[in-house]
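Some notes on the structure that comes next.
Numbering (the numbering used here), first residue to last: 68 to 424.
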């Protein structure tokens, strides 16, 4: 069957909670991390992380026992309590992101696609959004869960395939992550480092055949099974546990260098005209992609800015970078690439063209 139309990422809106996280997190460390040398080491990681602001849905994240804080020192909450908080907070933050989209863009939505790896419940966020947005009961719903930081790229791939199969389809994608719900009292330094990076945020976007915004030219996915255990995300009694091997940035760089066709061999040739949205999973990951793909500082500035202003919001983060790229459209059409990484070790990418305005 021939396809005579393209899928386009027409609009993106983003949202973060109102409560700052960075200062409270750093000041709380001596109360729940031991020994003192580990606290100091974490503060050094924070200083070099390139993150100035992170946000949380928790109004009072830290406090002593009996204070009513979410994380009371010595008795962090159970997974059940964390899921209760996710169920309370995920919908309002998602609606905040959707409210940033043009009203006309949301009208006529036929498909709803959710990505999230930080909480679960049923009837879920997809059904609540159908109700709150007054979408028809015939809306086709898809929930992409537990895929981690690359799930937005997976979502764009799914949305693209929907639109290519039906030119009348209009997909609303919502990416919402409440990473601040999964802090753990632990002595494992790799887990502690992950807490330095992650934050809460949401993005909402419209994908359709309407020729505006970013044309989604191609999507691809590659799995490095040899490195599968270097990044993990598991459900435990005290929340979801992230294991993040310090060698992940090197392994990403090594994988792209050895498998250039995984992301298109042209990515390894310098091209200052290309737009780039590199998932800012951390400063070292952006550094690694910049080096192996021969990118200029200007080409990774969007990713560094998102990391600096918001931290790593898991699946929502890539959409923050693409929102910046979309907002900077001018009279010249420009090609671009979006790359994200996550458990597996997985590389998920999107080739796009930003249309002229």
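We put the CB at the ideal spot given by N, CA and C, even for glycine.
Give the straight-line distance between the Cα atoms of residue i and residue j, rounded to the nearest whole angstrom.
i: residue 201; j: residue 274; result: 19 Å
i: residue 99; j: residue 129; result: 10 Å
i: residue 289; j: residue 415; result: 6 Å
i: residue 220; j: residue 189; result: 24 Å
i: residue 292; j: residue 411; result: 6 Å
i: residue 354; j: residue 277; result: 35 Å
i: residue 240; j: residue 365; result: 28 Å
i: residue 225; j: residue 101; result: 44 Å
i: residue 393; j: residue 85; result: 24 Å
i: residue 113; j: residue 271; result: 29 Å
i: residue 261; j: residue 300; result: 11 Å
i: residue 79; j: residue 313; result: 32 Å
i: residue 109; j: residue 326; result: 34 Å
i: residue 361; j: residue 399; result: 23 Å
i: residue 212; j: residue 218; result: 8 Å
i: residue 168; j: residue 107; result: 43 Å
i: residue 341; j: residue 402; result: 6 Å
i: residue 75; j: residue 422; result: 10 Å
i: residue 343; j: residue 395; result: 13 Å
i: residue 191; j: residue 162; result: 14 Å
i: residue 231; j: residue 387; result: 24 Å
i: residue 125; j: residue 88; result: 9 Å
i: residue 308; j: residue 122; result: 19 Å
i: residue 391; j: residue 369; result: 7 Å
i: residue 397; j: residue 254; result: 50 Å
Could you give the residue range of the alpha helix (DSSP H) that holds residue i?
i: residue 376; result: 368–377
i: residue 385; result: 384–394
Measuring CB to CB, does residue i end up less than 8 Å from residue j?
i: residue 119; j: residue 184; result: no
i: residue 320; j: residue 297; result: no
i: residue 216; j: residue 382; result: yes
i: residue 348; j: residue 83; result: no
i: residue 186; j: residue 138; result: no
i: residue 302; j: residue 146; result: yes
i: residue 282; j: residue 419; result: yes
i: residue 179; j: residue 196; result: yes
i: residue 177; j: residue 206; result: yes
i: residue 223; j: residue 70; result: no
i: residue 389; j: residue 407; result: no
i: residue 127; j: residue 135; result: yes
Just mark residue i as buried or exposed, buried being the case when its beta carbon has 16 or more other beta carbons within 10 Å.
i: residue 424; result: exposed
i: residue 72; result: exposed
i: residue 237; result: buried
i: residue 346; result: buried
i: residue 156; result: buried
i: residue 251; result: buried
Which residues bound the beta strand (DSSP E) around residue i?
i: residue 209; result: 207–212
i: residue 44; result: Outside the modelled stretch of the chain, which goes from 68 to 424, sits residue 44, for which no answer is possible.
Uninterrupted beta strand (DSSP E) stretches inside the region 133–162 (no shorter than 3 residues):
none
Which full runs of the alpha helix (DSSP H) of 4+ residues lie inside the region 252–276, going along the chain?
256–264
Contiguous beta strand (DSSP E) assignments of at least 3 residues, all confined to the region 160–188:
178–183
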